[in-house]
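Just so you know, the sequences run in chain order P and W. With the working numbering, letter number 224 in the first sequence gets 224, and the count goes up by one each step, no holes. With the working numbering, letter number 134 in the second sequence gets 134, and the count goes up by one each step, no holes. Everything below concerns the one structure shown next.
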Amino acid sequence: MTTELLSANHAAAAAAALAGRANRVGRGFGGGVYPITPQSECMERLCDERFDKGQVVRVESEHSAMAVCIGFSIAGARAFTASSSNGLAYMTENVFTAAMSRLPIVMMAVNRSLGPPWNIWAEHGDTLMLRDAGWVQLYCEDNQEVLDSILTAFRLAEDRRVLLPVMVCQDAFILSHTMTPTDVPSQETVDAFLPPLDLPHRLSDRPRTVGALDGPRETEVPRAEMQRAMDDVPRVYAEVQGAFEATFGRRLADPVVPYRMDDAEIALVSIGTTAATVRAVVDEARARGVRVGGVRIRMFRPFPEDTLRQLLSRCTRVGVLDRDLAPGQGGIVWSEVRPAAPQGSIVQNYIVGLGGGDIRPKDVARILDDLCARERAGKPQFVEVG
Amino acid sequence: MSANEPILGGMAQTAADRSTPLLRPGNSNCGGCGMSVGLQFLSRAIAGTPVQLVIPACCAAVAAGPFPTSGYGAPVFSSTFASAAAVATGLAHVARLNGEKTRVVCFVGDGGTYDIGMATVSAAAERDEDLLYVCYDNEIYGNTGGQRSSATPRGATTTTTPRGSELEKKDILAIMAAHRVPYVASISLAHPDDALRKLRFALDAKGFRFVHMLAPCPTGWKSEPADSIELIRLAVRSGLYAVYEVFEGSRVVINVEPEHSDAALERYLGMQGRFRKSGVELASVRAGVERSWRELRARSALGGPG
Numbered sequence: 001m002t003t004e005l006l007s008a009n010h011a012a013a014a015a016a017a018l019a020g021r022a023n024r025v026g027r028g029f030g031g032g033v034y035p036i037t038p039q040s041e042c043m044e045r046l047c048d049e050r051f052d053k054g055q056v057v058r059v060e061s062e063h064s065a066m067a068v069c070i071g072f073s074i075a076g077a078r079a080f081t082a083s084s085s086n087g088l089a090y091m092t093e094n095v096f097t098a099a100m101s102r103l104p105i106v107m108m109a110v111n112r113s114l115g116p117p118w119n120i121w122a123e124h125g126d127t128l129m130l131r132d133a134g135w136v137q138l139y140c141e142d143n144q145e146v147l148d149s150i151l152t153a154f155r156l157a158e159d160r161r162v163l164l165p166v167m168v169c170q171d172a173f174i175l176s177h178t179m180t181p182t183d184v185p186s187q188e189t190v191d192a193f194l195p196p197l198d199l200p201h202r203l204s205d206r207p208r209t210v211g212a213l214d215g216p217r218e219t220e221v222p223r224a225e226m227q228r229a230m231d232d233v234p235r236v237y238a239e240v241q242g243a244f245e246a247t248f249g250r251r252l253a254d255p256v257v258p259y260r261m262d263d264a265e266i267a268l269v270s271i272g273t274t275a276a277t278v279r280a281v282v283d284e285a286r287a288r289g290v291r292v293g294g295v296r297i298r299m300f301r302p303f304p305e306d307t308l309r310q311l312l313s314r315c316t317r318v319g320v321l322d323r324d325l326a327p328g329q330g331g332i333v334w335s336e337v338r339p340a341a342p343q344g345s346i347v348q349n350y351i352v353g354l355g356g357g358d359i360r361p362k363d364v365a366r367i368l369d370d371l372c373a374r375e376r377a378g379k380p381q382f383v384e385v386g
Numbered sequence: 001m002s003a004n005e006p007i008l009g010g011m012a013q014t015a016a017d018r019s020t021p022l023l024r025p026g027n028s029n030c031g032g033c034g035m036s037v038g039l040q041f042l043s044r045a046i047a048g049t050p051v052q053l054v055i056p057a058c059c060a061a062v063a064a065g066p067f068p069t070s071g072y073g074a075p076v077f078s079s080t081f082a083s084a085a086a087v088a089t090g091l092a093h094v095a096r097l098n099g100e101k102t103r104v105v106c107f108v109g110d111g112g113t114y115d116i117g118m119a120t121v122s123a124a125a126e127r128d129e130d131l132l133y134v135c136y137d138n139e140i141y142g143n144t145g146g147q148r149s150s151a152t153p154r155g156a157t158t159t160t161t162p163r164g165s166e167l168e169k170k171d172i173l174a175i176m177a178a179h180r181v182p183y184v185a186s187i188s189l190a191h192p193d194d195a196l197r198k199l200r201f202a203l204d205a206k207g208f209r210f211v212h213m214l215a216p217c218p219t220g221w222k223s224e225p226a227d228s229i230e231l232i233r234l235a236v237r238s239g240l241y242a243v244y245e246v247f248e249g250s251r252v253v254i255n256v257e258p259e260h261s262d263a264a265l266e267r268y269l270g271m272q273g274r275f276r277k278s279g280v281e282l283a284s285v286r287a288g289v290e291r292s293w294r295e296l297r298a299r300s301a302l303g304g305p306g
């Protein structure tokens, strides 16, 4: 293991390269890559990596980037790509195809605002838009977590009980372009953590059509199988956490990361880097005697509703911070968290930090003040930052 | 029958083909489907050697039939509409990385090639991916009910050009040859010896190979199923469909010399309801054909003796 000064983009590429090389004893590694701000540094670094048994293909669009990954994966190779924002929107058709073909592709997604207005800064709507695509979704809070999550993602995706693609998400610029000291494991340890991929339905020399036409019954059965696979993900993830700790000597974050929630009556729920700011505000409020805690949802698919319900069971007030907006509905995280909150509790949605607006502790403190002062929940509230 | 037109000799339906066919008996394709005949040609060229097919949304994907049956005697991946050449890229690299002998073949209609897949095909050609791309061109979106594509010729009525298309057909062979790929060819379903030779060459060549076939669609062309091969013969004889090959984007070889027969062109147009309805004039079609041949001759001459 070495410690390197890496941006999260470079950390993701380093992890993908390690995972790719680990499959040199299998059927190799590859993927299609296409640039988009703020992901480009990831695919650039991947293009500079050397593989004994791998090929990175510089394609003409995100749509083809995922299609090339589908080709690599259905042929039994390990496949990776990265994208962001409008790139993900352009890729979407094949994002669904990858999951419905049960291909264990891993994608790093940098969360960026969808245009117009054209804005390259952090917003979560681009990957949340894909929450129903059949991918496992992990949202990261720091660079080390990005690297660790990429390695984890391959092991999770390739598990026979799962066989679903995994999306590792990180906030634009806040992580993607910020360099921090990052532990990069050796190839030998990654080799030990990631056994060669053995895809049961890979295209070989046997006549078989993958992705045939089907009637209703032959469509609902594989859909139900996807749901069962998603149901298995938390259990498999826990096993992977154990293996990860045994191999790399550090603990991988849980699907839901609580902070000072043990006796909390008030909870602030968020995803991504917002959680770090929430922690600072929780500490400050705790010092004043406010019984508040933070909840970071790391795994958004499958959605950890049971864990959330347990964590929030004693809460009377739940504030959900959304760096995204589904117009006509409100925050996407809020709309999913709401059923997990106790009956009778005040669950208020705060739309904050759209288009990369800098969410500072004072903004979250204002949100907390508003939540504490409420007699009932209102409509999703837009919070001005900065 | 002219001197350069071979006799078919039961090309599409011999016992040898039926024992290990690429397109299995009992598939759901329409009678007189040019694509189906093209698949039999491809089947004979492959002759039992390993291939992997990538077929996007098109009639050829429907021909695979519902799970768990498969209309194809080869492994197939059904890709999204625009993605055949990109998925095939992944498959071809994995085959190379693992030293496998399989050839990756895209089998795609005109919609998936000329229109929605154009960027994907162009990029795969530009990268010189090691795959064979076969475009069967029925000059419409056949699978969705016969709408106009950019392969639809001028004068053809379709469900979206009810009074006849006013636009010229896109010259896909010139576009692909301009990528300077190792091999680009058109094949005639009425000239099986020439077609087989070229398909065999294309299968065994390295790098990006593009083969185009004009594939009658009786349903969309409003023609008799039994006339499909005759229509191709007339298209070639009249000069409407040029049968040639281009090596490395420069050396152009014309494989069948047309008679530029007005009678053949008149019969070709007259045998199809799609032209009868629009009342397209022979003279205007002839003018387009002559322009295409002037350009092709010029490119052929520029290519030098090779």
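Glycine included, every Cβ here is placed at the ideal spot set by N, Cα and C. Note that this is a predicted model, so its numbers are computed, not measured.
Could you work out which residues of chain P lie near W/N98, taking near to mean beta carbons separated by less than 9 angstroms?
R27, G28, K53, A75, G76, A77
Identify, in the order they occur along the chain, each residue of the same chain with its Cβ nearer than 7 angstroms to the Cβ of P/V210, setting aside the five sequence neighbours on each side.
I74, S101, H201, L203
Counting only Cβ-Cβ distances shorter than 9 angstroms, please list the residues of the segment 123-151 of chain P near chain W, keeping chain order.
none
P/P181 lies in the beta strand (DSSP E); which residues open and close that run?
Looking at the DSSP string, the run of the beta strand (DSSP E) that includes P/P181 is 180-184.
What residue range does the alpha helix (DSSP H) around P/T277 cover?
274-287
Since W/S70 meets chain P, which of its residues come closer than 9 angstroms, beta carbon to beta carbon?
Correct list: P207, R208, T209, A212.
Starting from W/P75, find everything on chain P with Cβ-Cβ shorter than 7 angstroms and list it in chain order.
L203, S204, D205, R206, P207, R208
Take the Cβ of W/E126 as the centre, count every other Cβ of all protein chains shown within 10 Å, and call the residue buried at 16 or more, exposed below.
exposed
Simplified DSSP assignment, three categories, for P/G330:
Here P/G330 sits in strand by DSSP.
Per the contact definition of three or more C-beta pairs closer than 8 angstroms, is the segment 90-107 of chain P in contact with the segment 133-148 of chain P?
yes
Looking at W/G155 and W/S278, is the spacing between their C-beta atoms short of 7 angstroms?
yes
Straight-line gap, W/V184 to W/Y244 (C-alpha atoms, nearest Å)
9 angstroms
Looking only at its own chain, which residues have a Cβ that is under 7 angstroms from the Cβ of P/N119, when we skip the five neighbours before and after it?
S113, G355, G356
For P/T3, name the three-state secondary structure that DSSP assigns.
strand
Does the distance from the C-beta atom of W/G112 to that of W/F81 stay below 7 angstroms?
yes
Just curious, the alpha helix (DSSP H) that P/F193 is in, first and last residue?
187-193 is the span of the alpha helix (DSSP H), which, as asked, contains P/F193.
Chain-ordered neighbours of P/C69 on chain W, where CB pairs are closer than 8 angstroms:
Within chain W, the residues near P/C69 are G90.
Going along chain P in order, which residues have a C-beta closer than 8 angstroms to the C-beta of W/V256?
Going along chain P, no residue has its Cβ under 8 angstroms from W/V256, so there is no contact; the nearest lies around 34 angstroms.
Tell me, to the nearest whole angstrom, how far the beta carbon of W/A63 is from that of W/L23; I am working on the premise that it is less than 8 angstroms.
About 6 angstroms separates the two Cβ atoms, so the contact holds.
Please state whether the Cβ-Cβ distance between W/L265 and W/S228 is less than 7 angstroms.
no
Under 8 angstroms, CB to CB, which of the residues in the segment 262-274 of chain W have a partner in chain P?
Listed in sequence order: no entries.
Using C-beta distances below 6 angstroms, list every residue in its chain close to P/V269, excluding the 5 sequence neighbours before and after it, in chain order.
V295, V320, V337
Nearest to P/D262 by alpha carbon, out of P/Y90, P/F72, P/L308?
For the residues P/Y90, P/F72, P/L308, the minimum Cα distance to P/D262 belongs to P/L308.
Using a C-beta cutoff of 7 angstroms, does W/A57 count as contacting chain P?
Against chain P, the CB of W/A57 has no partner CB under 7 angstroms away; the residue lies outside that interface.
Would you mind giving the Cβ-Cβ distance between W/D194 and W/V256, rounded to the nearest angstrom? I have them listed as a contact below 8 angstroms.
7 angstroms
Scan the segment 107-147 of chain P and note each continuous alpha helix (DSSP H) run of 4 residues or more that stays entirely inside, going in chain order.
125-128
For P/R228 and P/G293, the rounded distance between their alpha carbons:
Roughly 32 angstroms separates the two Cα atoms.
Considering only residues of the same chain and omitting the five flanking positions on each side of W/M1, which have a CB-CB separation below 7 angstroms?
Because W/M1 carries a pLDDT of 47, less than 50, the predicted location of this residue cannot be relied on, and no value is offered for it.
Using a 10 Å radius around the Cβ and a threshold of 16 neighbouring Cβ atoms, would you call P/Q144 buried or exposed?
buried
Quick test of your reading: P/I70 and P/N94, contact by CB under 8 angstroms. State the CB separation rounded to the nearest angstrom.
6 angstroms
If you count every other CB in all the chains shown that lies within 10 Å of the CB of P/E375, and 16 or more means buried, which is it?
exposed
Near W/L231, which residues of its chain fall below 8 angstroms by C-beta distance, leaving aside the five closest residues on each side in sequence?
P216, W221, S223, Y268, M271, Q272
How about W/C106 and W/A88: do their beta carbons lie closer than 7 angstroms?
Result yes, Cβ atoms of W/C106 and W/A88 sit closer than 7 angstroms.
Range covered by the alpha helix (DSSP H) that runs through W/A119
Note, W/A119: alpha helix (DSSP H), 118-126.
Contact set for W/Y114: own chain, Cβ-Cβ below 7 angstroms, skip 5 residues either direction
S149, S150, A151, K170, I172
For chain P, find out if any of its Cβ atoms is closer than 7 angstroms to the Cβ of W/A301; answer yes or no.
no
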